[in-house]
DNA sequence: GCAAAAGTGTTCACTCTACACCCATGG
DNA sequence: CCATGGGTGTAGAGTGAACACTTTTGC
């Protein structure tokens, strides 16, 4: 069991593209850098991978340290390793993308620390390093993925109205959808089920629904393909 | 421009899952390891990333060094970094998948060196490290990808018969397709065009076709979605 | 009673699927 | 002339898209 590899090694980081949904538009969680380089610039949350630490675990750890988020949906996106992407030297970054429900979101409305903040996905500031590239990649992935996998539910509260769900799809896909067709298609899948609750407001209350993960898994394992 | 990061760092490698098509089934190119650990075992071609070397460049370099292949279709797959995946210590591997045309394939039928060999994708030997996991991931990705992106052409010669193309799709998707429907759908896309050539054989010659990359790009940029 | 959002069906066009026979060549 | 794979069309079912009005609630 030799201690091999006495070559110089690139440094290894993880970065997270965190998406949220505020009811109207898709949002991205950024942090303000407190260190050089790019001190004061906005950047994706992330940091160095420890020895003996799994990559996804590193992403979750950094996410919690820098934004307080835990237990979110997280999936590997792509690894960015162009020489020169970090002015300090060779740094390779494994990027993840995360989806956060608005109800378990400590950073939302966070004003005491100007360290983490949400930005509309279509109106982002300049970012440190190559983080804009990573972000664009993540957006494309999300747009592609939402069409054939039920990831959208990770951006809504546990129970939601069908109008909210439709607004989410419209925001991500960037185009309007027909209300009756949208609901008809959902009706065909039985993994979106009614709850007993209703949402309030100055108008007719909307029935709340939830995503039934077990029913979805049962269907999917039978070679079922979701498509919206 | 501090020389920061005096932490211990994981070692970084690239590994390539190389797919080929022999006219009947999907194949994977493996190499026999000449070093410990797993000496003599079959493994994915790959190796260490140099400092100052782009990740994809590293994958291409290793591919050429170990199999002689160059200029192939190559795309990043996923990064595997579980602690313990390499008995020598912490090694993180960025996996790529490659598609090679049978006509520019030096390794095919290679018998003098028992170093690289093709295996049917559904009948693989035990592999070193976690390479079986990587391979399974690559297969899933290929199956998913071929349905909405014209990657299949990267596995066929420059010009091919429609029967060959259909056989390829059937091999990857793992089910039979209707000949008339298959050809009807291709006819609707005008990026598969007739050439003047014919394939020989003891029977009626088949018209050769080719993939028109420019026409495809023109369509795709207009928001066109390929689906087979 | 009015403003605001919720909820609900039908028709038409198009796409997908199933299906069987004649054609061109080499031997 | 026969064996082998190449090449072609149609009908019926299913799916996707367009489209407008009634209901329920708070104020």
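Protein chains in written order, with UniProt numbering: chain Y, 1 to 228; chain Z, 1 to 228. Even glycine gets a Cβ: it sits at the ideal position worked out from N, Cα and C.
- [ ] Determine the burial state of residue 161 of chain Y: buried for a count of at least 16 other Cβ atoms within 10 Å of its Cβ, exposed for fewer.
- [x] Counting from 1 along the first chain, the entry for residue 161 of chain Y is found at position 161. Using a 10 angstroms sphere on the CB of residue 161 of chain Y, the tally of other CB atoms reaches 16 or more, which defines it as buried.
Open item on the list: Can you find the residues in the same chain that come closer than 8 Å, C-beta to C-beta, to residue 171 of chain Y, ignoring five residues on each side of it along the sequence?
Closed with: For the purposes of this step, residue 171 of chain Y is identified with residue 171 of the first chain, where counting begins at 1. Annotation for residue 171 of chain Y: 21, 24, 25, 26 place their beta carbon closer than 8 Å to its own, counting only its chain and skipping 5 residues before and after.
- [ ] In angstroms with no decimal places, state the Cα-to-Cα distance between residue 227 of chain Z and residue 177 of chain Z.
- [x] Numbered from its first residue, the second chain carries residue 227 of chain Z at position 227. Numbered from its first residue, the second chain carries residue 177 of chain Z at position 177. Each residue's alpha carbon lies about 14 Å from the other.
Task: Inside the segment 105-165 of chain Y only - alpha helix (DSSP H) runs reaching at least 4 residues - done: Considered as a whole, the segment 105-165 of chain Y harbours 131-146 as its complete alpha helix (DSSP H) runs of no fewer than 4 residues, in chain order.
Open item on the list: Here's the rule I'm using: 16 or more other beta-carbon atoms within 10 Å means buried, otherwise exposed. How should residue 113 of chain Z be labelled?
Closed with: Numbered from its first residue, the second chain carries residue 113 of chain Z at position 113. In this prediction, residue 113 of chain Z has a pLDDT of 47, which is less than 50 and means its spatial position is unreliable; what the coordinates show is noted afterwards. Exposed: under 16 other Cβ atoms inside 10 Å.
Task: Under 9 Å by beta carbon: chain Y residues contacting residue 12 of chain Z - done: Here residue 12 of chain Z is taken as the residue at index 12 of the second chain, counted from 1. By Cβ distance, chain Y contributes 9, 10, 12, 81, 92.
Task: Chain-ordered chain Z contacts of residue 55 of chain Y [CB-CB under 9 Å] - done: Position 55 of the first chain holds residue 55 of chain Y. Neighbours of residue 55 of chain Y in chain Z, taken as residues whose beta carbon is under 9 Å from its own, are 79, 80, 81, 82, 92 in chain order.
TODO: Take the Cβ of residue 7 of chain Y as the centre, count every other Cβ of all protein chains shown within 10 Å, and call the residue buried at 16 or more, exposed below.
DONE: Counting from 1 along the first chain, the entry for residue 7 of chain Y is found at position 7. If you draw a 10 Å sphere on the C-beta of residue 7 of chain Y, you find fewer than 16 other C-beta atoms in it, and that means exposed.
Task: Beta-carbon gap between residue 215 of chain Z and residue 191 of chain Z smaller than 7 Å - done: In the second chain, residue 215 of chain Z corresponds to position 215, counting from 1. In the second chain, residue 191 of chain Z corresponds to position 191, counting from 1. Residue 191 of chain Z sits close to residue 215 of chain Z, with the two beta carbons spaced by under 7 Å.
Open item on the list: Checking 7 Å against the spacing of the C-beta atoms, do residue 155 of chain Y and residue 168 of chain Y come in under that value?
Closed with: As a first step, residue 155 of chain Y must be located in the first chain, where it is residue number 155. As a first step, residue 168 of chain Y must be located in the first chain, where it is residue number 168. In contact: residue 155 of chain Y and residue 168 of chain Y (Cβ atoms closer than 7 Å).
- [ ] Give the DSSP-derived three-state secondary structure of residue 213 of chain Z in the structure shown.
- [x] Position 213 of the second chain, counted from the first residue, corresponds to residue 213 of chain Z. Here residue 213 of chain Z sits in helix by DSSP.
Task: Below-7 Å beta-carbon distance, residue 76 of chain Y vs any chain Z residue - done: Residue 76 of chain Y sits at position 76 when you count from the first residue of the first chain. Taking Cβ atoms only, chain Z reaches closer than 7 Å to residue 76 of chain Y, which makes this a yes.
TODO: Determine the direct distance from the alpha carbon of residue 99 of chain Y to that of residue 54 of chain Y, and round the result to whole angstroms.
DONE: Here residue 54 of chain Y is taken as the residue at index 54 of the first chain, counted from 1. Here residue 99 of chain Y is taken as the residue at index 99 of the first chain, counted from 1. When the Cα atoms are used, residue 54 of chain Y and residue 99 of chain Y turn out to be separated by approximately 20 Å.
- [ ] Quick one: which residues of the segment 38-50 of chain Y get their C-beta closer than 9 Å to a C-beta of chain Z? List them in chain order.
- [x] Flagged, chain order: 48, 49, 50.
Task: residue 98 of chain Y - containing beta strand (DSSP E), residue span - done: As a first step, residue 98 of chain Y is located in the first chain; it is residue number 98 there, counting from the start. DSSP places residue 98 of chain Y inside the beta strand (DSSP E), whose first and last residues are 91-99.
Task: Per-residue burial, residue 111 of chain Y [other beta carbons within 10 Å of its own, 16 or more giving buried] - done: For the purposes of this step, residue 111 of chain Y is taken as residue 111 along the first chain, with counting starting at 1. Note on residue 111 of chain Y: pLDDT 44, under 50, position unreliable in the model; the coordinate value appears next. Result: exposed.
Task: Candidates Z:196, Z:16, Z:142, of which the one nearest residue 159 of chain Z by Cα - done: Locating residue 159 of chain Z in the second chain gives position 159, where the first residue counts as 1. Of Z:196, Z:16, Z:142, the residue nearest in Cα terms is Z:196.
- [ ] For residue 15 of chain Y, count neighbouring C-beta atoms within 10 Å of its own C-beta (all shown protein chains included) and say buried if the count is 16 or more, exposed if not.
- [x] The residue labelled residue 15 of chain Y in the question sits at position 15 within the first chain. Residue environment analysis places residue 15 of chain Y among the buried positions, since at least 16 neighbouring C-beta atoms fall within 10 angstroms of its C-beta.
TODO: Using a cut-off of 8 Å between C-beta atoms, extract the partners of residue 52 of chain Y located in chain Z.
DONE: If you number the first chain from 1, residue 52 of chain Y lands on position 52. Those within 8 Å of residue 52 of chain Y in chain Z are 83, 90.
- [ ] Assign residue 135 of chain Y to buried or exposed, taking buried as 16 or more other Cβ atoms, counted over all protein chains shown, within 10 Å of its Cβ.
- [x] Taking the first residue of the first chain as 1, we reach residue 135 of chain Y at position 135. Only buried fits residue 135 of chain Y, as 16 or more other CB atoms lie within 10 angstroms of its CB.
TODO: Have a look at Z:163, Z:200, Z:149 and flag the residue whose alpha-carbon is nearest the alpha-carbon of residue 217 of chain Z.
DONE: Residue mapping note: residue 217 of chain Z aligns to position 217 of the second chain, counting from 1. Comparing Cα-Cα distances from residue 217 of chain Z to each of Z:163, Z:200, Z:149, the minimum goes to Z:149.
Open item on the list: Between residue 12 of chain Y and residue 12 of chain Z, how many whole angstroms is the CB-CB distance? I'm expecting something under 8 Å.
Closed with: Counted from its first residue, the first chain places residue 12 of chain Y at position 12. Counted from its first residue, the second chain places residue 12 of chain Z at position 12. Right, the Cβ-Cβ distance comes to about 7 Å (below 8 Å), so this counts as a contact.
Task: 7 Å Cβ cutoff met for residue 85 of chain Y and residue 129 of chain Y - done: In the first chain, counting from the first residue as 1, residue 85 of chain Y sits at position 85. In the first chain, counting from the first residue as 1, residue 129 of chain Y sits at position 129. With respect to the 7 Å criterion, residue 85 of chain Y and residue 129 of chain Y are classified as neighbours on the basis of their beta carbons.
Open item on the list: What does the Cβ neighbour count give for residue 49 of chain Y, buried or exposed, with the cut at 16 atoms within 10 Å?
Closed with: For the purposes of this step, residue 49 of chain Y is identified with residue 49 of the first chain, where counting begins at 1. A buried status is given to residue 49 of chain Y, since no fewer than 16 other beta-carbon atoms sit within 10 Å of its beta-carbon.
Open item on the list: Using the Cβ count rule (16 or more neighbours within 10 Å means buried), how would you classify residue 213 of chain Z?
Closed with: Here the question's residue 213 of chain Z lines up with position 213 in the second chain. Around the beta-carbon of residue 213 of chain Z, fewer than 16 other beta-carbon atoms lie within 10 Å, marking it exposed.
- [ ] Check the DSSP bridge columns for residue 207 of chain Z and list the partner residues they point to.
- [x] The count along the second chain starts at 1 and reaches residue 207 of chain Z at position 207. In DSSP, residue 207 of chain Z forms a bridge with Z:198.
Open item on the list: Closest to residue 151 of chain Z by C-alpha separation, out of Z:127, Z:207, Z:97, would be which residue?
Closed with: As a first step, residue 151 of chain Z must be located in the second chain, where it is residue number 151. For the residues Z:127, Z:207, Z:97, the minimum Cα distance to residue 151 of chain Z belongs to Z:97.
Task: Helix, strand or coil at residue 231 of chain Y according to DSSP, with G and I counted as helix - done: Only positions 1 to 228 of chain Y appear in this structure, which leaves residue 231 of chain Y out of reach.
Task: residue 116 of chain Y vs residue 28 of chain Y beta-carbon contact at 7 Å - done: The sequence position of residue 116 of chain Y within the first chain is 116, counting from 1. The sequence position of residue 28 of chain Y within the first chain is 28, counting from 1. No. Outside cutoff.
Open item on the list: Between the alpha carbons of residue 51 of chain Z and residue 125 of chain Y, how many angstroms are there, rounded?
Closed with: In the second chain, counting from the first residue as 1, residue 51 of chain Z sits at position 51. In the first chain, counting from the first residue as 1, residue 125 of chain Y sits at position 125. Linking residue 51 of chain Z to residue 125 of chain Y through their CA atoms gives a straight-line distance of about 31 Å.
- [ ] Compute the beta-carbon to beta-carbon distance between residue 79 of chain Y and residue 91 of chain Y, rounded to the nearest angstrom, for a pair I have assumed lies under 8 Å.
- [x] To locate residue 79 of chain Y, count along the first chain from 1; it is residue 79. To locate residue 91 of chain Y, count along the first chain from 1; it is residue 91. The pair is not a contact, with the Cβ atoms about 11 Å apart (cut-off 8 Å).
Task: Distance CB(residue 45 of chain Z)-CB(residue 87 of chain Z) smaller than 7 Å - done: Walking along the second chain from the start, residue 45 of chain Z turns up at place 45. Walking along the second chain from the start, residue 87 of chain Z turns up at place 87. Inclusion of residue 45 of chain Z and residue 87 of chain Z in the CB contact set at 7 Å is not warranted, their separation being larger than that value.
Task: Enclosing beta strand (DSSP E) for residue 24 of chain Y [first to last residue] - done: In the first chain, counting from the first residue as 1, residue 24 of chain Y sits at position 24. DSSP places residue 24 of chain Y outside any beta strand (DSSP E), giving it a letter other than H or E.
- [ ] Locate the beta strand (DSSP E) running through residue 187 of chain Y, then write down its first and last residues.
- [x] As a working mapping, residue 187 of chain Y is identified with position 187 in the first chain. Segment 179-188 is the alpha helix (DSSP H) holding residue 187 of chain Y; no beta strand (DSSP E) there.
Open item on the list: Tell me which residue opens and which closes the alpha helix (DSSP H) that residue 63 of chain Y is part of.
Closed with: Locating residue 63 of chain Y in the first chain gives position 63, counting from the first residue. Residue 63 of chain Y: member of the alpha helix (DSSP H) spanning 55-67, first to last residue.
- [ ] Would you mind reading off the limits of the beta strand (DSSP E) that contains residue 48 of chain Y?
- [x] Here residue 48 of chain Y refers to the residue found at position 48 when the first chain is read from its first residue. Note, residue 48 of chain Y: beta strand (DSSP E), 46-48.
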